[in-house]
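Single-structure report; data block below.
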Amino acid sequence: MQLFSGLVDDQKPPEYKRKIDVLSPVSGAVDILDSAGNKLFQQRLFGEGAKITPVGYQIVAPFDAIVLELNETAHRIRLKDKHGLKIQIHCGWDGHKLNGEGFKRKVKVGQKIKQGQVILDFDLRKLKLALDDTTFYVTLLNSDKVKGLIVNRRKVTACEDIIFSVLF
């Protein structure tokens, strides 16, 4: 059972009044959460979104935002934009096992950040050696408040390409 699935077909989107394009915070290959290796993301426990097989070494702000959370182990980031969108970026399901190793924070909780600003550096080689799952998950925590998401299933470059569009 899925808690929420607002994924919509980009060929037949529902009627909507407004669309917000969210740029990818990480470079890599994007896919839908149905193909996630983790059931919590498959079932949309953290909202609708996308998964990314990362390349590169940085997470950047997908939009102007306030940093709501950057946990102790630096593997989970939560951001809020001016429209009220709350995005979670989760670095590898078991990223907490590294206790912050392989991650270098560039921002603080409560800080206002600009689109494209580096939030976190990560050592992908270290993550691949230490973790079972290096997939990054980008989810809309308040996806129950929108009409749907259209996920851009292709290779993306951080802060240049759209990861998903949010429909209101």
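Under my numbering, think of the first position of the sequence shown as 12, with each following residue one higher. All C-beta atoms, glycine included, are put in the ideal place defined by N, C-alpha and C.
Query, Result
"Option nearest Lys93 by Cα separation, candidates Gly111, Val162, Ile77", "Ile77"
"Residue environment, Gly182, which counts as buried when at least 16 other CB atoms sit within 10 Å", "Since the first and last residues shown for the chain are 12 and 179, residue 182 lies out of range."
"Local Cβ density within 10 Å of Ser154, reported as buried at 16 or more and exposed below that", "buried"
"Contact belief for Pro25 with Ile161 at Cβ below 8 Å, rounded distance in angstroms", "About 10 Å separates the two Cβ atoms, so there is no contact after all."
"Euclidean distance between Cα positions of Ala141 and His107", "11 Å"
"Beta-carbon gap between Ala61 and Asp45 smaller than 8 Å", "no"
"At least three beta-carbon pairs within less than 8 Å, the stretch 63-82 to the stretch 159-173", "yes"
"DSSP bridge partner residues for Val149 (one or two, in chain order)", "Ala61, Ile100"
"Beta-carbon proximity list for Ala47, same chain, < 8 Å, skipping 5 on both sides", "Gln53, Lys62, Thr146, Tyr148"
"Per-residue burial, Phe133 [other beta carbons within 10 Å of its own, 16 or more giving buried]", "buried"
"Minimum C-alpha distance to Ile100 - residue among Lys137, Glu171, Leu131, Gly159", "Leu131"
"Whole beta strand (DSSP E) elements within the stretch 105-160, 3-residue minimum", "114-116, 129-133, 147-151"
"Three-state secondary structure (DSSP) of Ile45", "The sequence shown places Asp at residue 45, not Ile. In this structure, Asp45 counts as helix in the three-state DSSP scheme."
"Candidates Phe179, Lys125, Asp143: closest to Leu34 by CA position", "Lys125"
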